[in-house]
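K.L.:
Here it is: the structure, laid out below.
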Amino acid sequence: MAVLRLIFNIAWFVLGGFVMGLAWWLAGILCFISIIGIPFGRACFVIGEMTFWPFGQEQINRRHLTGRDDLGTGALGMVGNIIWFLLFGIWLAIGHLAHALACFVTIIGIPFGIQHLKLALLSLTPIGQTVVAKA
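All letters in the sequence shown, in the order written, are residues 272 to 406 by this note's numbering.
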């Protein structure tokens, strides 16, 4: 199973993961310009790393993982997600959707397209989410 995951991650990296990972990191760098954006930027780098090697990882709501609310899973997290959506989320989602459509052209690319769709959903509301390894 680990060998198959490695093969999928390498193929993913070559077929769009590298470009979208860089897009996430660029958004993170732009977020670090202001002090208020630092938590957004940190999240961008974590999700960007997941975008480089997504197979074997998944995103999960921190409330479900820890069993309690925190700053990102409450009302401030919702406000943060709205701001994120307007500034960066829509553009990252469009990038993932474009890559997903390109992947869906071939049968071999379908798993990669599905992964891009998952990342497109994550790019819309990343605040309050965390990345964990799949069991």
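Note that the Cβ used here is the ideal one computed from N, Cα and C, for glycine as well.
#1: Can you tell me the Cα-Cα spacing of W283 and L297, whole angstroms?
#2: Need the endpoints of the alpha helix (DSSP H) that T322 sits in, please.
#3: Is L390 near I281, with beta carbons less than 9 Å apart?
#4: Can you list, in chain order, the residues of its chain with a C-beta nearer than 6 Å to that of G348? Leave out the 5 residues immediately preceding and following it.
#5: What residue range is occupied by the uninterrupted beta strand (DSSP E) comprising I306?
#6: Starting from the Cα of I307, find the closest Cα among G380, C374, G351 and give me that residue.
P.N.:
According to the structure shown:
#1: 19 Å
#2: 309-323
#3: Result no, Cβ atoms of L390 and I281 do not sit closer than 9 Å.
#4: I398, G399
#5: Here I306 belongs to no beta strand (DSSP E), and DSSP marks it neither H nor E.
#6: G351
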